[in-house]
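This report concerns only the one structure given below.
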Amino acid sequence: MNGLALVEVFMDANKWHEFFPTIVSKARTLEVISSGVMGSRTSTLQLMYEELQVLSPLVPTRQLCFLRFCQRIEQGSWAIVDVSYDLTQENQFSSTSCKVHRLPSGCLIQDMPNGYSKVTWVEHVEVEEKGLIHRLYRDLIHSGLAFGAERWVGTLQRVCERYACLMVNSNPSHDHGGAIPSPDGKRSMMKLARRMVSNFCASVNPSNGHQWNTISGLNEFEVRATLQKCTDPGQPNGVVISAAATIWLPIPPQHVFNFFRDERTRPQWDVLSNQNPVQEVAHIANGSHSGNCISVLRAYNTSQNNMLILQESCIDSSGALVVYSPVDVPAINIAMSGEDPTYIPLLPSGFTISPDGRQLDTDAASCSSSSNASTIGGGRSGGSLITVVFQILVSSLPSAKMSPESVNTVNNLIGSTVHQIKSALNCSTS
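Per full-length UniProt numbering, the very first residue in the sequence shown carries number 1; after that it's consecutive.
Structure (structure tokens):
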């Protein structure tokens, strides 16, 4: 992606949120103080607000109000600088978990001859924690991997590769021939999967005021749930319960990611598949890493012949995601034909995989069947933090409440899934 396109992403709050859904849970421009020179972004100064997240209900979002300034240094070179701005008269942006002050931070963006961009990213913040950091995430947050420049750059590179694949008119040779018949069909499928991932991220840290409630506090992990009314197009109408639990496993994140994304090992953890085999019927590559891809899966389950599974897997140096949603066959056919997928209903579930921020040790290495250390976390990971997320439509009635039956259902679903994951990865105790 060239530098000017990146500048537009940084200066447009909607594009900023869309580009970084795994990091930015909310973004808005509060005021444009200076609109730039002759319609360009040069010398643009604006007041912005954002909420930054780690994809787990155990980590509260960080809220930031800041000034963002864009300046073209020379032809093909830009500087984008942020600094916190305290709205002392406003309390609507105050966080109850921590106070974050962004000291001068930002990016230097330089065009390269091959159409790429060189990005140098600096994050310089002061954080005053108002509460205890959850023990599972203490090392990750203190290491800087959770909110630091390394995560931003790794995510930026992965998303730029995905956008480049979206713009390619022909189907790459390693996509399954004939499954997606046209470039328009490929783009439609990629847009559908992008919306699925964005909805998934929003469900982990909802920015609409919904709070997580602990519904089960077992010795090994706790299950948290929240209830939401879905009325937006592209979501099933009704009341949805979202439930999540985070566990630690002494296995490198790359190995965990490979286990989740491979359709051949899916029956080992997917309790809803009843251990039936799963076949990949369509595949779209999203970048240079083979793990960045979109898949359409078919489970050999006679009771669900009309349903397929749309799955997107994402991995970069900061962590990984495996997100999936059931989609009926007619809806998949609409997307594959190149039609607008906006109104295809999605209810995604999935997994987030993060390094734990600890140094790699011999215990972690011995528990893994992989001989290669993961590149996720840059070697600062003795294991993985895995957040399991399920979303279930409770009722089509908007007045439905969180009943004991629905709580029991998601509690058992997460408990069974965690048990099968640990059993399959030979880590039955934590």
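Cβ coordinates follow ideal geometry from the N, Cα and C atoms, glycine included.
{"query": "Which residues DSSP lists as bridging Met307, in chain order", "result": "Asp328"}
{"query": "Which of helix, strand or coil DSSP assigns to Ile241", "result": "strand"}
{"query": "Residue 455 classed as buried or exposed, judged by whether at least 16 other C-beta atoms fall within 10 angstroms", "result": "This structure cannot speak to residue 455, because the chain is shown only from 1 to 430."}
{"query": "CA-to-CA distance, Thr120 to Pro60, given in whole angstroms", "result": "27 Å"}
{"query": "Beta-ladder partner(s) of Ala282, from DSSP", "result": "Val296"}
{"query": "Simplified DSSP state of Lys191, which is helix, strand or coil", "result": "helix"}
{"query": "Inter-residue Cα distance where the pair is Thr352 and Gly319", "result": "8 Å"}
{"query": "Option nearest Lys26 by Cα separation, candidates Ile80, Ala79, Asn199 and Leu45", "result": "Asn199"}
{"query": "Beta carbon of Val278 nearer than 8 Å to that of Ala245", "result": "no"}
{"query": "Straight-line Cα distance separating Val388 from Ser368", "result": "At Ser368 the pLDDT is 39, less than 50, meaning the model places this residue with poor confidence; the figure from the coordinates comes in the next sentence. Near 20 Å, if we compare the C-alpha coordinates of Val388 and Ser368."}
{"query": "Proximity of Val127 and Leu103 at Cβ, strictly below 8 Å", "result": "no"}
{"query": "Beta-carbon spacing of Ser34, Thr44 below 8 Å", "result": "yes"}
{"query": "Alpha-carbon to alpha-carbon, Val410 and His419", "result": "14 Å"}
{"query": "Outcome for Met196 when other beta-carbon atoms lying within 10 angstroms are tallied against a minimum of 16", "result": "buried"}
{"query": "8 Å Cβ cutoff met for Ala149 and Glu123", "result": "yes"}
{"query": "Own chain residues within Cβ distance below 7 Å of Ser216, not counting five before or after", "result": "Glu222, Val223 and Asn411"}
{"query": "Nonlocal neighbours in the same chain, by C-beta distance under 6 Å from Val327, ignoring five residues either side", "result": "Leu308 and Leu310"}
{"query": "Residue interval of the alpha helix (DSSP H) (run including Asp111)", "result": "Looking at the DSSP string, Asp111 is not in any alpha helix (DSSP H); the run it does join, the beta strand (DSSP E), is Ser105 to Asp111."}
{"query": "Candidates Gln228, Gln157 and Val100, of which the one nearest Ser117 by Cα", "result": "Gln157"}
{"query": "Buried versus exposed call for Ser288 [16 or more other C-beta atoms within 10 Å across all chains shown]", "result": "exposed"}
{"query": "Alpha-carbon spacing of Leu108 relative to Leu145, whole angstroms", "result": "20 Å"}
{"query": "Of the residues Ser396, Gly291, Tyr49 and Arg62, the one placed nearest Thr231, counting alpha carbons only", "result": "Ser396"}
{"query": "Separation of Val271 from Ser416, as counted between CA atoms", "result": "7 Å"}
{"query": "Whether Pro57 touches Val204 by CB criterion (8 Å)", "result": "yes"}
{"query": "Selection from Ala285, Ala13, Ser143 and Val54 that minimises the alpha carbon distance to Arg68", "result": "Ala13"}
{"query": "Other residues of its chain near Ala53: CB distance less than 6 Å, five sequence neighbours each side excluded", "result": "Inspection of the sequence shows that residue 53 is occupied by Gln rather than by Ala. Counting only Cβ-Cβ distances below 6 Å, and skipping sequence neighbours, we find Ser25, Thr61 and Asn205."}
{"query": "Residue from Gly383, Asn426 and Gln71 with nearest C-alpha to Val81", "result": "Gln71"}
{"query": "Spatial distance of Gln391 from Lys401 (CA atoms)", "result": "15 Å"}
{"query": "Per DSSP, cross-strand counterpart(s) of Asp86", "result": "Answer is none; Asp86 lacks a bridge partner."}
{"query": "Secondary structure of Met48, DSSP reduced to three states", "result": "strand"}
{"query": "Distance between Arg41 and Val7 (C-alpha atoms, nearest Å)", "result": "8 Å"}
{"query": "Inter-residue spacing [alpha-carbon to alpha-carbon] between Gln46 and Leu30", "result": "8 Å"}
{"query": "Buried/exposed call for Pro252, threshold 16 Cβ in 10 Å", "result": "buried"}
{"query": "N-terminal and C-terminal residue of the beta strand (DSSP E) that Trp152 is part of", "result": "Counting along the chain, Trp152 falls outside any beta strand (DSSP E), though it belongs to the alpha helix (DSSP H) covering Ala149 to Met167."}
{"query": "Environment of Thr214 [buried if 16+ CB atoms lie within 10 Å]", "result": "exposed"}
{"query": "For Gly350: DSSP bridge partner residues", "result": "Val323 and Val389"}
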